[in-house]
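Notes follow once the structure below has been shown.
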Amino acid sequence: MPELPEAETIARSLRPLVEGRLIANAEYPGRRVLRGVMPELAGQRIARIGRHGKRIVLELGHGAVLVSLGMTGALLLNAEPGPHTRAVFTLDAGVLLFDDARQFGNLRWIESLEAEDGLGPDPLEMTAQQFTERLRARRTRVKPLLLDQGFLRGVGNIYADEALHRAEIDPRIVASRLTKTRAGRLHAGLVEVLEEAIAHRGSSVSDYVDAQGERGGFQALHRVYRREGQPCPACGAAIRRIVMAQRGTHFCPRCQR
DNA sequence: ATCTATTCCTGGCTGC
DNA sequence: TGCAGCCAGGAATAGA
Numbered sequence: 553m554p555e556l557p558e559a560e561t562i563a564r565s566l567r568p569l570v571e572g573r574l575i576a577n578a579e580y581p582g583r584r585v586l587r588g589v590m591p592e593l594a595g596q597r598i599a600r601i602g603r604h605g606k607r608i609v610l611e612l613g614h615g616a617v618l619v620s621l622g623m624t625g626a627l628l629l630n631a632e633p634g635p636h637t638r639a640v641f642t643l644d645a646g647v648l649l650f651d652d653a654r655q656f657g658n659l660r661w662i663e664s665l666e667a668e669d670g671l672g673p674d675p676l677e678m679t680a681q682q683f684t685e686r687l688r689a690r691r692t693r694v695k696p697l698l699l700d701q702g703f704l705r706g707v708g709n710i711y712a713d714e715a716l717h718r719a720e721i722d723p724r725i726v727a728s729r730l731t732k733t734r735a736g737r738l739h740a741g742l743v744e745v746l747e748e749a750i751a752h753r754g755s756s757v758s759d760y761v762d763a764q765g766e767r768g769g770f771q772a773l774h775r776v777y778r779r780e781g782q783p784c785p786a787c788g789a790a791i792r793r794i795v796m797a798q799r800g801t802h803f804c805p806r807c808q809r
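Written as structure tokens, this is what we have:
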């Protein structure tokens, strides 16, 4: 499931071959992938590839296409279209596909990112103090809060669990009850795990691959995510799994109190 | 403000 | 070997 590090990896792997290319043709088999009205893209140039939270941004001469990868979305460069291909962008050199088996992903045209928003700040672009203030203002449990894209953009289930473990914080604790010190540790844990994951080109838990079809390597370094019953790398206690907000939540009952 | 449940979807897994 | 049933969950939505 692509989150911030996976989206960043995809953006980086797309840039050298897609930035500056002209879109010769755009097709959307089934059309279900589109959210809202998609203008004619043929003839437009992809000026820049960006990332906004866990989404990929294809910046055009005017406006941009926001790619939400959902659970199983992938942007593939020069691959063969398959049964799950939802969009085909034929470029002046090469072809860019959007494949998405489960169809939780979508494409949306926006005028500008600034006008767009409604999303919280990027965890890698905020100070510990900003994070701490936002966090302690909320009377909701910290794990679901980290998943709330309006609170913070880019964090999903994997990195929420991994950051809470690094910060030694129980996912069930109410955010406003965290001390400034512990909130600061959570910020540090988030930044650390996201940067490490980017360095390892993301986590391939089920089917995530980058634009060249390559898997990430960070899944081997997960400390709690989907490791129920296995020993905590820090203390050896068995990792627990509970469900919060309909999401599997993994934590060490000894380290995280 | 914050909560939970539901919906979308299908590959991959379990168990018979 | 085949198949039914269940599970994973990002985000939108409804309702409490």
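Residues in the first sequence are numbered from 553 upward in steps of one, following my numbering. Don't be surprised by glycine CBs; every beta carbon is placed ideally from N, CA and C. Note that the coordinates shown come from a computational prediction; the quantities given were computed from them, not determined experimentally.
Reduced DSSP secondary structure (H/G/I, E/B, other) of residue i
i, result
"G769", "coil"
"L676", "helix"
"G702", "coil"
"S755", "coil"
"G602", "strand"
"S565", "helix"
"P783", "strand"
"A616", "strand"
"E744", "helix"
"R584", "coil"
"R718", "helix"
"I608", "strand"
"R693", "strand"
"V761", "coil"
"R597", "strand"
"E555", "coil"
Bridge partners - residue i, DSSP secondary structure assignment
i, result
"D651", "A626, T637"
"F803", "R792"
"L643", "I575"
"L659", "L586, V619"
"I710", "DSSP lists no partner for I710."
"V726", "R693"
Residue i classed as buried or exposed, judged by whether at least 16 other C-beta atoms fall within 10 angstroms
i, result
"F703", "buried"
"C784", "buried"
"Q798", "exposed"
"R583", "exposed"
"C787", "exposed"
"G605", "buried"
"Q782", "exposed"
"R705", "buried"
"F656", "exposed"
"D644", "exposed"
"S664", "exposed"
Pick from the options that is closest to residue i, judged by C-alpha positions
i, options, result
"I812", "V647, E592, I662, A576", "Because the chain is modelled from 553 through 809, residue 812 falls outside the range shown and cannot be assessed."
"R779", "G769, A790, F770", "A790"
"M678", "F641, A763, L628, V743", "V743"
"A740", "Q681, L649, A631", "Q681"
"A576", "G765, A594, L648, R753", "A594"
"R573", "R686, L687, G646, C804", "G646"
"T561", "D722, Y777, R753, V776", "R753"
"A599", "S755, G615, R638", "G615"
"E579", "F803, T642, E685", "T642"
"L627", "G634, L649, V617, V640", "L649"
"N658", "G588, N630, E558", "G588"
"R693", "I721, R603, E555", "I721"
"A563", "D762, P675, P805, G768", "D762"
"T624", "A559, E714, F770, R806", "A559"
Supposed close pair residue i, residue j - CB separation, criterion 8 Å
i, j, result
"R734", "A719", "7 Å"
"Q764", "S565", "6 Å"
"H717", "V795", "Actually they are not in contact, since the Cβ atoms of H717 and V795 sit about 17 Å apart, beyond 8 Å."
"R809", "T801", "Rounded, the Cβ-Cβ distance is 15 Å, inconsistent with contact."
"M553", "G708", "6 Å"
"I601", "L612", "So it is not a contact: roughly 11 Å between Cβ atoms."
"E748", "F770", "7 Å"
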